[in-house]
Structure formats: C-alpha cells, structure tokens
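Take a look at the structure set out below.
In my numbering, the protein residues as written are -8 to 115.
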C-alpha cells in the first residue's frame, strides 16, 4: 500500500508519446516504449510545501510515477531514460497485472523484487 498525505496526490496521466518523442532515445528504445509501456501516471508530488519540510533542502520535489507495463520482462532502460532526463527526483511504481515493483535511479537503476500489490508498502 502506498500511503502518502492527501495533499500530495496528483493522479495525472501523462501521454507516453510525450516521453518517447521528446527524450533523446535510440530508435530501438522508442520502439520499446510502445511495446513495453501501457501508461504512465504521476501519482504523487512530494514537495517542501505539501509535506511541510525545511526550506534548506536541495531537493525541491520527489514524484511518484506509476508505469503500467504490457509485459513483466520490460526493458529497464525505459525507466533509466525517464529518470536521467527529468529534473525531478523520481520513485517508480512498476505494475504488471497484479504484481508491482518499486524502482529508483541514482547513477544506475535499483529495483525491488516483484511482489503482489497487497504486499507493497511505501509510506511517508
């Protein structure tokens, strides 16, 4: 379960075309966006203002993006491309059927094991 304050909820769908058309990607990776990704949604936006955090922090915003996948064995370079070319800090919730996995990118992609949705726990 993802349990962030209601003030952080965005739940705004982003057209995947906005990513693969505007990111610098090789043709094969653009094709994988189409074959591997069903949809991308900004679920939460964690900011100093909506979480009442200290103003001194270098991080301005952390966004939780959910990516619904068409297949479990997707190309992780898709997530890396989104993270590398995005100015925000990102947490990815990767979903396939009734399983999910969390991922972050910091110099490389780190992912949890796949788990049942009900076993996921991410809270503020």
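Using N, Cα and C, we set each Cβ at its ideal position, and we do this for glycine too.
A quick note: this is a predicted structure, and the numbers were derived from the prediction, not measured.
> With 16 other CB atoms within 10 Å as the buried threshold, where does residue 43 fall?
Replying inline: The count along the chain shown starts at 1 and reaches residue 43 at position 52. With fewer than 16 Cβ atoms within 10 Å of its Cβ, residue 43 is classed as exposed.
> Between 28, 8, 37, 65, which lies nearest to residue 2 when the distance is taken from Cα to Cα?
Replying inline: Position 11 of the chain shown, counted from the first residue, corresponds to residue 2. That would be 37, whose Cα lies nearest to the Cα of residue 2.
>> For a minimum of 4 consecutive residues, which ranges assigned as the alpha helix (DSSP H) are wholly contained in the region 2 to 34?
In response: 7 to 13, 18 to 27
> Grouping DSSP H, G and I as helix and E and B as strand, with all else coil, what is residue 42?
Replying inline: Counting from 1 along the chain shown, the entry for residue 42 is found at position 51. If DSSP states are grouped into helix, strand and coil, residue 42 belongs with the helices.
>> Check this for me: beta carbons of residue 60 and residue 29, under 8 Å apart or not?
In response: Taking the first residue of the chain shown as 1, we reach residue 60 at position 69. Taking the first residue of the chain shown as 1, we reach residue 29 at position 38. Contact: yes.
> Per DSSP, what kind of secondary structure is residue -2 in: helix, strand or coil?
Replying inline: Within the chain shown, residue -2 is the residue found at index 7, counting from 1. In the structure shown, residue -2 sits in a helix (DSSP, three-state: H, G or I).
> What is the C-beta distance between residue 84 and residue 34, in whole angstroms, given that I count them as a contact (C-beta under 8 Å)?
Replying inline: The sequence position of residue 84 within the chain shown is 93, counting from 1. The sequence position of residue 34 within the chain shown is 43, counting from 1. At roughly 7 Å, the Cβ-Cβ gap stays under 8 Å, so residue 84 and residue 34 are in contact.
>> Tell me the residue span of the beta strand (DSSP E) that contains residue 82.
In response: For the purposes of this step, residue 82 is taken as residue 91 along the chain shown, with counting starting at 1. Counting along the chain, the beta strand (DSSP E) containing residue 82 begins and ends at 80 to 87.
> Taking the Cβ atom as the reference point for each residue, do residue 23 and residue 66 lie within a distance shorter than 8 Å?
Replying inline: For the purposes of this step, residue 23 is taken as residue 32 along the chain shown, with counting starting at 1. For the purposes of this step, residue 66 is taken as residue 75 along the chain shown, with counting starting at 1. Yes, Cβ-Cβ distance for residue 23 and residue 66 is below 8 Å.
> Exposed or buried, residue 27, counting other C-beta atoms within 10 Å across all chains shown (16 or more means buried)?
Replying inline: Here the question's residue 27 lines up with position 36 in the chain shown. Classification of residue 27: buried, given that the 10 Å Cβ count is 16 or more.
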